[in-house]
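Asker: Can you keep this structure in mind? I'll have questions shortly.
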Amino acid sequence: MRRHPRTVALAIASAATLALAACGSEDEGPTTSVGDADACPGDVVDVVVSVGQWGDVVESLGGDCASVTTVISSTAVDPHDFEPTTGDIAAFEEADLVVLNGADYDHWAADAAANVDPAPVVLDLAEVAGLETEEHAEQEGEEHTEEEGEEHAEEEGHGHGGVNPHIWHSPDFVQQAADAVTAELSALSPDAADHFADRATAWEEELAPYLAEIESLRAAAAGRTYAATESVFDYMARDIGLTDVTPEGYREAASNESDPAPGDVAEFGSALSGGGVDVLVYNTQTEGGVPEQLRGSAEDAGVPVVEVTESVPDDDGSFVDWQLTQLRALSDALARG
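Here is the structure:
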């Protein structure tokens, strides 16, 4: 669905040009799946998705009636350090709908969407999930006491403005996000509402093995513990009932993307060697010697290591395939631990 021509603010484009010139980029550029105007009963909606964790989900839900451009679609790109190029920014110019992860995970995409005229519809999935950053809370006004806010921050994670942004690893949030995407697509192309409803039903069927694996894991996880090199998998681990025994100091440092103190690393190593950790969740996309050191400590202590990724690996065909690979690895680890 083509709208009016859009222009992006010169300041944003200039900044992106500087970033490209200064950094080069490992970004392989946005990827696009094109809708089928002949098969779609309504207008094809042009959608830009910030990160690949949600790209396949939106493509599945859009079907023939959505052309979906995913800006970050490669594991070679670290979303935390991403600097959009002019080509990345240009992808937003013709968007009818922009889907963000939110929670400050992809602030660059929110900035790009805000500088497009006329503005596209922006769907912030973290807001759909009921999460908000500390900055957003200050803008909207505090509705909770300081004590309640601190408790929520501790529960959700401390990085990214007090919120754990890795919501694609929560089955509840994934289903809420899918419902919200379907609603926005239907609003933008009303004649295709039945098509989007059919796609949502097909998506629920595709999700069934993933949900079944989670349900199976809940029995295996009862009374079991985990520690993690990074918080990327925390929502899922908590959902299936694992208890997080990652040392607090290390967890805070990892969530804030800072180096843990030597004492925190030593405490983590002692927890692994002391028999209090059933599995170590290891984010393979986290660089640095400390995670590798902790993995070595786990292997030396006979603690099973579960490899997870922040982004969809290039060799996994879909969101569900990716999730199932990780869940089955966790199931195997719990069986060994």
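Using numbering that gives the first Met the number 0, the first residue of the sequence shown is number 0, and each one after it goes up by one. All residues carry an ideal CB built from backbone N, CA and C; glycine is no exception.
Determine the direct distance from the alpha carbon of Gln174 to that of Ala207, and round the result to whole angstroms.
Answerer: Taking the straight line from one Cα to the other gives about 11 Å.
Asker: With a Cβ-Cβ cutoff of 8 Å, do Ala260 and Gly248 count as a contact?
Answerer: Cβ distance < 8 Å, so Ala260 and Gly248 count as in contact.
Asker: For Tyr225, which three-state DSSP category applies?
Answerer: Residue state, collapsed to three classes: strand.
Asker: So, with DSSP's three-state summary, where would you put Thr324?
Answerer: Of the three classes helix, strand and coil, the one that applies to Thr324 here is helix, per DSSP.
Asker: Could you check whether the region 181-190 touches the region 318-332, counting it as contact only if at least three pairs of C-beta atoms, one from each stretch, sit closer than 8 Å?
Answerer: In short, these stretches do not touch, since the Cβ pair count stays below three.
Asker: What does a CB cutoff of less than 8 Å around Asp95 pick up in its chain, not counting 5 residues either side in sequence?
Answerer: Answer for Asp95: Met0, Arg2, Val44, Asp45, Val46, Pro119, Val120, Leu187, listed in chain order.
Asker: Can you tell me whether Gly34 is buried or exposed, with buried defined as 16 or more other CB within 10 angstroms of its CB?
Answerer: Counting Cβ neighbours within 10 Å, Gly34 comes out buried, since at least 16 surround it.
Asker: Quick one: what does DSSP say Thr74 is sitting in, helix, strand or coil?
Answerer: Residue state, collapsed to three classes: coil.
Asker: I need the DSSP call for Asp243, collapsed to helix, strand or coil.
Answerer: Strand.
Asker: With H, G and I counted as helix, E and B as strand and the rest as coil, what does DSSP make of Thr283?
Answerer: Correct three-state label for Thr283: coil.
Asker: Is the region 227-238 touching the region 97-109 in the sense that three or more CB pairs, one from each, lie closer than 8 Å?
Answerer: Segments in contact, no.
Asker: Please go through the same chain and pick out, in chain order, the residues whose beta-carbon is closer than 6 Å to the beta-carbon of Ala227, but skip the five residues on each side of it.
Answerer: Cβ within range, chain order: Thr245, Val280.
Asker: In angstroms with no decimal places, state the Cα-to-Cα distance between Ala220 and Gly240.
Answerer: So the alpha carbons of these two residues sit roughly 6 Å apart.
Asker: Measure the alpha-carbon distance for Leu323 versus Ser66 and round it to whole angstroms.
Answerer: Leu323 and Ser66: Cα-Cα distance of roughly 26 Å.
Asker: Quick one: Cα of Leu122 to Cα of Val98, how far?
Answerer: Rounded to whole angstroms, Leu122 to Val98 spans 5 Å at the Cα level.
Asker: Express the C-alpha separation of Thr283 and Gly140 in angstroms, rounding to a whole number.
Answerer: Low confidence applies to Gly140: its pLDDT is 47, below 50, so where it sits in the model is not reliable enough to give any reading.
Asker: Is Ala38 helix, strand or coil when you go by DSSP?
Answerer: Correct three-state label for Ala38: coil.
Asker: Compute the Euclidean distance between the alpha carbons of Arg198 and Asp320, then round it to the nearest angstrom.
Answerer: Cα to Cα, the separation comes out at about 18 Å.
Asker: Between the Cα of Gly61 and those of Ala191, Gly295, Ile166, Asp116, spot the shortest distance and give me the residue it belongs to.
Answerer: That would be Ala191, whose Cα lies nearest to the Cα of Gly61.
Asker: For Asp87, count neighbouring C-beta atoms within 10 Å of its own C-beta (all shown protein chains included) and say buried if the count is 16 or more, exposed if not.
Answerer: Looking at its Cβ environment, which holds 16 or more other Cβ atoms inside 10 Å, Asp87 is buried.
Asker: Check whether the region 271-279 touches the region 66-84, counting contact only when three or more Cβ pairs, one atom from each stretch, lie closer than 8 Å.
Answerer: No contact exists between the region 271-279 and the region 66-84.
Asker: With respect to the alpha helix (DSSP H) encompassing Ser32, which residues constitute its N-terminal and C-terminal limits?
Answerer: That residue, Ser32, is in no alpha helix (DSSP H); its beta strand (DSSP E) goes 30-32.
Asker: Please state whether the Cβ-Cβ distance between Phe81 and Val115 is less than 8 Å.
Answerer: No; because the gap between Cβ atoms is not below 8 Å, this pair is not in contact.
Asker: Excluding five sequence neighbours on each side, which residues of the same chain lie with their C-beta closer than 7 Å to the C-beta of Cys22?
Answerer: Because the pLDDT of Cys22 is 40, which lies under 50, any placement of that residue in the model is unreliable, and the number read from its coordinates should be weighed accordingly. Glu82, listed in sequence order.
Asker: Compute the Euclidean distance between the alpha carbons of Arg223 and Glu309, then round it to the nearest angstrom.
Answerer: Their Cα atoms are separated by approximately 23 Å.
Asker: May I ask you to report which of helix, strand or coil DSSP gives Glu212?
Answerer: Residue state, collapsed to three classes: helix.
Asker: Would you mind reading off the limits of the alpha helix (DSSP H) that contains Asp110?
Answerer: Looking at the DSSP string, the run of the alpha helix (DSSP H) that includes Asp110 is 106-113.
Asker: Of all the CB atoms in chain D, is at least one closer than 8 Å to the CB of Val50?
Answerer: In the structure shown, chain D does not exist; there is a single protein chain.
Asker: Quick test of your reading: Ala252 and Asp243, contact by CB under 8 Å. State the CB separation rounded to the nearest angstrom.
Answerer: Not really, about 15 Å apart at Cβ, beyond 8 Å.
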